Amino acid sequence: MPVLSMRKPESLQTMNMVVQTLQIGAEQAGQRIDNFLLKTCKGVPKSHIYKAIRSGQVRVNKGRCQAEYRLLEGDAVRVPPFRMADPNARPPAPAASFPVVYEDDALLVIDKPAGVAVHGGSGVSFGVIEQLRAARPAAKFLELAHRLDRETSGLLIIAKKRVALVALHEMMREGKGRKRYLALVEGDWQNDRQHLRQPLLKWLTASGERRVKVDALGKPAHTIINLMHRYGGRFSLVEAELKTGRTHQIRVHLAASGYPIVGDDKYGHDEVRARFSRHGFNRMFLHAWKLDIPHPVGGEILKLEAALPPACQALLKELEQMS
Numbered sequence: 015m016p017v018l019s020m021r022k023p024e025s026l027q028t029m030n031m032v033v034q035t036l037q038i039g040a041e042q043a044g045q046r047i048d049n050f051l052l053k054t055c056k057g058v059p060k061s062h063i064y065k066a067i068r069s070g071q072v073r074v075n076k077g078r079c080q081a082e083y084r085l086l087e088g089d090a091v092r093v094p095p096f097r098m099a100d101p102n103a104r105p106p107a108p109a110a111s112f113p114v115v116y117e118d119d120a121l122l123v124i125d126k127p128a129g130v131a132v133h134g135g136s137g138v139s140f141g142v143i144e145q146l147r148a149a150r151p152a153a154k155f156l157e158l159a160h161r162l163d164r165e166t167s168g169l170l171i172i173a174k175k176r177v178a179l180v181a182l183h184e185m186m187r188e189g190k191g192r193k194r195y196l197a198l199v200e201g202d203w204q205n206d207r208q209h210l211r212q213p214l215l216k217w218l219t220a221s222g223e224r225r226v227k228v229d230a231l232g233k234p235a236h237t238i239i240n241l242m243h244r245y246g247g248r249f250s251l252v253e254a255e256l257k258t259g260r261t262h263q264i265r266v267h268l269a270a271s272g273y274p275i276v277g278d279d280k281y282g283h284d285e286v287r288a289r290f291s292r293h294g295f296n297r298m299f300l301h302a303w304k305l306d307i308p309h310p311v312g313g314e315i316l317k318l319e320a321a322l323p324p325a326c327q328a329l330l331k332e333l334e335q336m337s
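Here the sequence shown is numbered in our numbering, starting from 15 and rising by one per residue.
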């Protein structure tokens with residue numbers, strides 16, 4: 015953790031703000047200065063932070079810096095007197111534990127349940143990462159290496175060292191490793207193996223909700239679909255392998271192909287979701303199933319797997335009996 019050296023100019027005391035000098039330790043080294051400040055100054059708008067960097071209010075070792083500057087161990091960062099969020103405005107996250115699939119001194123891989131956000135924000139007070147930090151107060155570093163949608167269950171990677179986080183991000187940018195999901199879709203999927211390559215574009219609804227659609231102006235996206243099982247010509251279990259990591263990629267690719275995921279409240283059919291809900295299935299059937307990646311520090315190949323949750327297994331058994 016950074017060592018704080020604070021001084022309170024009299025003109026700032028009445029506003030409950032301080033100038034801070036933060037000493038960068040080994041766990042903070044390697045971060046961009048803008049990302050470091052966004053994390054450190056929670057509640058401060060991004061625009062305020064970038065304005066402070068551009069205007070020279072943020073300084074590293076008493077000199078001006080650019081937003082792209084990567085911190086070094088021992089750097090002294092001057093943080094100007096931002097108006098911080100009230101720490102009492104949001105209740106602290108309750109500590110929680112999650113099923114551990116793999117753990118060592120660099121990595122933690124859990125089996126995330128459906129219905130739990132990975133982090134707070136967008137109307138969610140806290141998520142998996144905040145609850146893990148509350149449950150592990152002695153941990154010096156816990157950061158999400160990637161994201162899962164709130165209603166998606168399965169394998170979620172948390173880095174316990176910055177060197178592991180940086181390596182994981184680099185691996186994901188380069189497309190190393192294999193990330194495979196199981197999804198139950200509407201319809202009778204025909205091909206044993208199919209490549210979906212539609213470009214995906216983010217957009218906002220009139221209410222400000224984030225969505226994604228297939229659009230020629232979007233970013234390249236590639237999903238490989240393998241047929242696992244058919245259920246009476248009405249539903250199909252498929253494996254989806256991500257070759258890129260776009261927001262809602264599997265969900266949008268499948269829906270755009272005419273096979274929306276059962277229970278998907280953004281891209282699926284409301285009547286299908288309501289019918290499954292009446293039978294006790296109240297989630298989206300998308301599960302991060304298998305993950306094969308090189309260890310970000312040691313380099314050995316990790317082969318990780320999280321079994322389908324009991325509710326999903328029970329649904330498949332029921333569909334098999336019906337078909």
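All C-beta atoms, glycine included, are put in the ideal place defined by N, C-alpha and C.
For clarity, every value in this text was computed on a predicted model and none was experimentally measured.
Does residue 145 pass the burial test, meaning 16 or more other C-beta atoms within 10 Å, or should it be called exposed?
Buried, since its Cβ has 16 or more Cβ neighbours within 10 Å.
Is there at least one non-hydrogen atom of the ligand ADP closer than 7 Å to the beta-carbon of residue 64?
Within the structure as shown, the ligand ADP is missing, as the structure has no ligands at all.
For the beta strand (DSSP E) that residue 207 lies in, which residues bound it at each end?
Note, residue 207: beta strand (DSSP E), 207 to 210.
Who are residue 240's beta bridge partners in DSSP?
Looking at the DSSP assignment, residue 240 forms a beta bridge with 207 and 253.
Nearest-angstrom Cα separation, counted from residue 39 out to residue 26
For residue 26, the predicted structure reports a pLDDT of 32, less than 50, and the residue's modelled location is therefore unreliable. A value from the coordinates is still provided. Computed Cα separation, rounded: 27 Å.
Alpha carbons only, please: which of 114, 161, 108 and 116 is nearest the one belonging to residue 339?
Residue 339 lies beyond the stretch modelled for the chain, which goes from 15 to 337, so this question has no answer here.
To which residues does DSSP link residue 301 through a beta bridge?
Residue 301 pairs with 167 and 196.
Check whether the segment 108 to 122 touches the segment 315 to 326, taking contact to mean three or more Cβ pairs, one atom from each stretch, closer than 8 Å.
Of all C-beta pairs linking the segment 108 to 122 to the segment 315 to 326, three or more are shorter than 8 Å, placing the two stretches in contact.
Check whether residue 91 and residue 35 have beta carbons under 8 Å apart
It is a contact, given that the beta carbons lie within the stated cut-off.
Give me the Cα-Cα distance between residue 292 and residue 277, rounded to the nearest whole angstrom.
If you take the alpha carbons of residue 292 and residue 277, they lie about 12 Å apart.
By Cβ distance below 6 Å, which residues in the same chain neighbour residue 79 in space, the five residues on each side in sequence not counted?
Close CB contacts of residue 79 within its chain, under the 6 Å cut and outside five residues either way in sequence, are with 47 (chain order).
From which residue to which residue does the beta strand (DSSP E) around residue 216 run?
Counting along the chain, the beta strand (DSSP E) containing residue 216 begins and ends at 214 to 218.
Is residue 116 helix, strand or coil when you go by DSSP?
Note: residue 116 maps to strand in three-state DSSP.
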